[in-house]
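Below is one structure, written out as structure tokens; comments come after it.
Protein chains: 2
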Amino acid sequence: MNRFEAGSFDVIVVGAGHAGSEAALAAARMGCSTMLVTIDLNMVAFMPCNPSIGGPAKGVVVREIDALGGEMGRNIDKTYIQMRMLNTGKGPAVQALRAQADKDDYAHHMKHTIEKQENLLLKQAIVEELIVEDGEVKGVVTHTGAVYRAGAVVITAGTSSRGKIIIGDLVYSSGPNNSQPSIKLSENLLDLGFELARFKTGTPPRVMASSIDYSKTEEQPGDVEPNHFSFLSKDEDYLKDQLSCWLTYTSPESHEIIRDNLHRAPMFTGIVEGVGARYCPSIEDKIVRFSDKPRHQLFLEPEGRENEEVYVQGLSTSLPEDVQLDLIRSVPGMENAQMMRTGYAIEYDVVKPHQLRLSLETKLVKNLFTAGQTNGTSGYEEAAGQGIVAGINAALAVQGKEPLILKRSDGYIGVMIDDLVTKGTMEPYRLLTSRAEYRLLLRHDNADFRLTEMSREIGLVTEERYETFLEKKQAVEKEIARLEKTRLKPTEELQAFLTEQKSAPLKDGILFADLLKRPELKYEDLIVFAPFEVALPKDVIKQVEVQIKYAGYIKKAAEKVDKLKKMEEKRIPANIDYDAINGIANEAKQNLKKIQPETIAQASRISGVNPADISVLMVYVTQGKIAKIAE
Amino acid sequence: MNRFEAGSFDVIVVGAGHAGSEAALAAARMGCSTMLVTIDLNMVAFMPCNPSIGGPAKGVVVREIDALGGEMGRNIDKTYIQMRMLNTGKGPAVQALRAQADKDDYAHHMKHTIEKQENLLLKQAIVEELIVEDGEVKGVVTHTGAVYRAGAVVITAGTSSRGKIIIGDLVYSSGPNNSQPSIKLSENLLDLGFELARFKTGTPPRVMASSIDYSKTEEQPGDVEPNHFSFLSKDEDYLKDQLSCWLTYTSPESHEIIRDNLHRAPMFTGIVEGVGARYCPSIEDKIVRFSDKPRHQLFLEPEGRENEEVYVQGLSTSLPEDVQLDLIRSVPGMENAQMMRTGYAIEYDVVKPHQLRLSLETKLVKNLFTAGQTNGTSGYEEAAGQGIVAGINAALAVQGKEPLILKRSDGYIGVMIDDLVTKGTMEPYRLLTSRAEYRLLLRHDNADFRLTEMSREIGLVTEERYETFLEKKQAVEKEIARLEKTRLKPTEELQAFLTEQKSAPLKDGILFADLLKRPELKYEDLIVFAPFEVALPKDVIKQVEVQIKYAGYIKKAAEKVDKLKKMEEKRIPANIDYDAINGIANEAKQNLKKIQPETIAQASRISGVNPADISVLMVYVTQGKIAKIAE
Ligand SMILES: Cc1cc2nc3c(=O)[nH]c(=O)nc-3n(C[C@H](O)[C@H](O)[C@H](O)COP(=O)(O)OP(=O)(O)OC[C@H]3O[C@@H](n4cnc5c(N)ncnc54)[C@H](O)[C@@H]3O)c2cc1C
Ligand SMILES: Cc1cc2nc3c(=O)[nH]c(=O)nc-3n(C[C@H](O)[C@H](O)[C@H](O)COP(=O)(O)OP(=O)(O)OC[C@H]3O[C@@H](n4cnc5c(N)ncnc54)[C@H](O)[C@@H]3O)c2cc1C
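For the record, the sequence lines run as chains S and E.
Going by my numbering, the residue at position 160 of the first sequence is 160; the numbering climbs one at a time, nothing skipped.
Throughout, my numbering is defined as the position within the second sequence, counted from one, plus 631.
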């Protein structure tokens, strides 16, 4: 193949999946000339698996992406067919928004947004090689021999990296949904010295809507009360005419079918090399691991408004197709179901994430970033969350600025990246609320408070978004201040109201804010006793309420974060020589050398590194005793 | 691969391109349980090349498909972004409707129509083998080992059949736009004894709309006057807010770039085996073949309403990518153009069409039909036109009925199929008006008059369509009858009007119909002199006008058709033994044996078969002298 110079960009992003879309948009919006290259322009922001965005932890990531000026939130708000707030009965830390997407619309809108973005060129091509000179990335080469130069490169190759589709004993080379896989880029990464792992994920069959008997299932309608992912979306645009999902269950027969055919499941025949996700198991996994469970939930989810394919959530499988057919038809409501797409597993290459910095730059090659499924995660939101960070940092690198590092206390994105980089992952990593130690700080409702200012500093969020945020912030502060000063008298009406709410009557006057702390009382009910001139917007109220009600917990969490801050701020020099430091245990040394933590805080989270090791390290770093640091 | 029984259908269609979509819909609508299997459900009715439907001859095919109860006309009427009637200054025989499609919408709507169709299952899978028993097709086997039984099978595999993409010296196995190719089905066809040919076609690069300077091009807006492809669409639904196309030209520099790089063009380096279409040449072909032409037209066509890709019509090429880039930028308006997709050629397998009957059934395997690009044609409309015929005949075969054979005088579809089957084709076959000897009969405006009744007899058109047609037909007949009786007096107003139109004044009273025959006079102007109670619909008026104005020509053409009818009706027995017939020249014998014509008329069109041979053959067939026919 003849090579030729085809152009030069500040940032090149490889792969227009969920990670790549955010990465490219972020870099372009930060003023970098950017190219987004992908194998198939008809698969931009394609959802190969579930037609939904959000849910616990993941939904918060979408808000964080939005607060940073990303696209996923706005895109799903334009293209959902159903929306639900989950866990509304529980505390604000676990409330989560989830939307069913119109799959085709979602992809289509994202592609168009990318196409219209200034500074951004979207291009169909297969990147086969990175140009690396003196340990620094300088560009990419495509399958047509085109050489594109760049200041920074972000790889988000997803499950296409030497992808292999597996169905029973059928195995063939393919990206998701029979698309072209990417072969040579993986080989090139190996040549460059990267360690790759093999992971796998799976998807359930899709069935034809008209072949389902919905009367045997339970309807799951969307919420009537407006919600949205993007801080810029408006309540009045909330979709009235939503589509329902439907709940059914596996039957005893389903379990029997699977048990009878386990010997034909790729996970047992040894065909699968890749490691699957524990938290997103196939149905055959579930039957084996939870053998005492009599049935499993299955949600029947429409894939779009003008689309008769139905996604069978919970039935991910790589069993042979005949077993899949029998299995489907053993489920109440699907006795006569027709299968439109067969479920399958896909195995693919992953860049082991300990090879990354917290900025998502690779340690091996300067200005080369990786994000998304490539880094060992699973899920659209996880991918997009890394994508925006990688895009931001690629842009900052080109601009000669310090990277943006999200801390664990800044957001789920920070938790995820720190987990990946500091602990690595032996299986596809998914975000769970349990992964975050500051859950109460990392709420759905306050992502803008956590991140929008930060993003403004690096020049990503628009003026419009920043203004919207400032207005909200000021309104919240003003109202909290007012409620903290407003004393309510034990009037007859108030006492009657409290009795009605089964809340203790007042003995004396009380500050509005203090009364609001009672769990059984709501802002919207109490406000009649201290009306504001004009009714406040819903999101301001929500914020005021959470900040007042949970003030104690929030304060405690914030104190913990503060304490850690000192450790976060203690940076470890890049050229530290752990071997030369006495007093650190051997296992700790090995792991410190492998991970190369950037701060003492990060070091303390590395497995096998004990508090004693940290104390020794602290002395070296803080007291300038780094005489033994290598050149 | 374990095989298993996966289901049984009346008709199975392989490939959901333009041919397959029509075939499957037709069979299902005729009451057959039908399965449409395709490699990628995201590419149903995908347009890999130009984003447009219609044009000379092709536009008439769309009307014919519609008149038969097919989908292409309705689908484009729902999804176009621009529509134009071409050749309005010329006679009705060459007038042609052409629409720019919203590419994604077009595909999406067709998929949804298929999904909603009763009796029809759309399924993603790769068919690898046909089940043939005793020379009769019995079903298909997919890549997952699924065995589906069927009474008839239609193959419409398009350019995916052992597809190879070629760009400069880059060659790789692929279906259109980097999709999975179909390999094993071709091998299976060879095993079954079919002769395959290699053809090729090509597509131009796509450029980014915002990188084009439209001020250097000429705008080509759509028509204001309503038109539509489907006889069921309504004038009031005509799109007001159409998008423009833009006309530019190659420059002397463009030609120089190509000439300088001809040695790198696949057509000259010998990389291409496949035969390309003479009537749809690549730009490098054009520069070589028309070396005296100083410039070539290029149309810049938007690919959709929410899509920034622009199709460069006229610039189809498989030159190396660097040459494509230079080439694009040598064109006025595209000096700074950014390329989003690279142009390429694709090479693929074709079933040589002399192996087919006029029903599109293969001669080799009973109840096996082929249609579309697989039969050696090029173009969406050509594919769809064959698709509907193959689908109809697959259904009729299953129902034990006689096939529907469209004659050359019935429509362009008849011309095309007869050309393919009777003459074969050495290159991708495209419909041109010049291929039809009864051009004046095969008009855009009368496709329903030609075909809707025929389709009703086989049970395909809906009651709604048939009623609409009958109403129109009766209105036309009534109005013609009225105009043939209505005598106009030479009133002052009429004389004045005639003078104004530069038409000779009347000497005496004249029949309205006779006056209308004057070329300079239009129905809509004359009708004030003999008003109808209620204004007639536009399509009725059009029909009345054409039938009256061109009555003489139409009659002559119809007489020719009638004469031929006798020959069309003389069927040649399937088991005729040409070797045993004395008096037929040797070359004629060879070709008759190869083509196995079904009627004397078809025999007379076979190359190398002379009138003398036909006379001999006629005697044998008509006078019952077929004693020498083999068992
Ligand atoms: C079968 C399947 C099942 C899944 N199941 C689940 C699930 O149950 N739950 C869940 O949360 N997630 C699931 N996922 C994962 C989810 O799809 C991904 O997490 C998400 O799409 C990752 O986004 P990404 O941007 O990292 O990668 P992708 O969305 O895979 O995007 C990568 C893009 O890069 C392109 N690309 C790759 N290599 C190159 C190259 N060399 N040159 C140019 N372009 C290239 C690809 O064509 C693709 O467009 C599943 C994925 C698949 C395929
Ligand atoms: C690069 C390119 C350039 C072209 N240029 C032009 C042009 O300039 N002018 C023009 O008029 N036409 C052009 N065409 C041709 C036009 O696209 C086709 O004529 C038209 O799409 C043919 O329709 P079809 O239904 O026969 O095949 P296709 O549209 O190709 O559809 C075939 C379908 O069958 C599926 N399939 C194949 N094998 C199997 C299998 N074994 N199992 C299951 N499914 C299978 C495929 O996935 C595909 O969806 C071009 C095509 C290509 C690819």
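The C-beta atom is built at its ideal place from N, Cα and C for all residues, glycine as well.
Ignore the nearest five residues each way along the sequence and tell me which others in residue i's own chain have a CB closer than 7 angstroms to its CB.
i, result
"P984 of chain E", "N1006, G1007, L1051, V1052, G1055 and T1056"
"Y975 of chain E", "I796, I797, I798, G833, T834 and S949"
"A277 of chain S", "T201, S378, E427, P428 and R430"
Excluding the 5 residues flanking residue i on each side, which residues of the same chain have their C-beta closer than 6 angstroms to its C-beta?
i, result
"S282 of chain S", "G202, S316 and T317"
"K1173 of chain E", "D1076"
"S186 of chain S", "S161, R162 and D349"
"A197 of chain S", "V350 and K352"
How should residue i be labelled, buried or exposed, when 16 other C-beta atoms within 10 angstroms of its C-beta is the threshold for buried?
i, result
"A1205 of chain E", "exposed"
"L1063 of chain E", "exposed"
"N967 of chain E", "exposed"
"Q873 of chain E", "buried"
"D285 of chain S", "buried"
"E118 of chain S", "exposed"
"V692 of chain E", "buried"
"E115 of chain S", "buried"
"R1118 of chain E", "exposed"
"L358 of chain S", "buried"
"G135 of chain S", "exposed"
"E759 of chain E", "buried"
Please determine, among the options, the residue with the shortest C-alpha to C-alpha distance to residue i.
i, options, result
"K1263 of chain E", "E:D1079, E:L1119 and E:G794", "In this structure chain E extends from 632 to 1262, so residue 1263 of chain E is not present and cannot be described."
"R1081 of chain E", "E:R694, E:L1195 and E:G1022", "E:R694"
"K742 of chain E", "E:L761, E:L699, E:Q731 and E:L672", "E:L672"
"F830 of chain E", "E:Q811, E:P897 and E:T790", "E:T790"
"G73 of chain S", "S:E22, S:G31, S:E568 and S:I392", "S:E22"
"I712 of chain E", "E:S841, E:S875, E:P925 and E:V758", "E:S875"
"D292 of chain S", "S:M267, S:R259, S:N307 and S:Y311", "S:R259"
"A390 of chain S", "S:A24, S:R3 and S:S8", "S:A24"
"D800 of chain E", "E:P951, E:V838, E:C911 and E:A659", "E:P951"
Quick check: what's the CA-CA separation for residue i versus residue j?
i, j, result
"A530 of chain S", "I417 of chain S", "44 angstroms"
"A1268 of chain E", "E1176 of chain E", "No information on residue 1268 of chain E is available, as it lies outside the stretch 632 to 1262 that chain E covers here."
"I76 of chain S", "T88 of chain S", "21 angstroms"
"Y687 of chain S", "F299 of chain S", "The structure shown has nothing for residue 687 of chain S, since chain S only spans 1 to 631."
"K734 of chain E", "N681 of chain E", "9 angstroms"
"A67 of chain S", "Q338 of chain S", "42 angstroms"
"K1259 of chain E", "K1194 of chain E", "With a pLDDT of only 49 at K1259 of chain E, under 50, the local geometry of the prediction cannot be trusted, and no value is derived from it."
"L356 of chain S", "H108 of chain S", "32 angstroms"
"K1196 of chain E", "L1037 of chain E", "13 angstroms"
"G17 of chain S", "S1235 of chain E", "58 angstroms"
"T622 of chain S", "S615 of chain S", "10 angstroms"
"K555 of chain S", "K549 of chain S", "11 angstroms"
Less than 7 angstroms between the CB of residue i and some heavy atom of ligand 1, yes or no?
i, result
"P1059 of chain E", "no"
"M618 of chain S", "no"
"D191 of chain S", "no"
"I346 of chain S", "yes"
With a threshold of 7 angstroms, establish whether the CB of residue i neighbours any heavy atom of ligand 2.
i, result
"L247 of chain S", "no"
"S174 of chain S", "no"
"I757 of chain E", "yes"
"H649 of chain E", "yes"
"I643 of chain E", "no"
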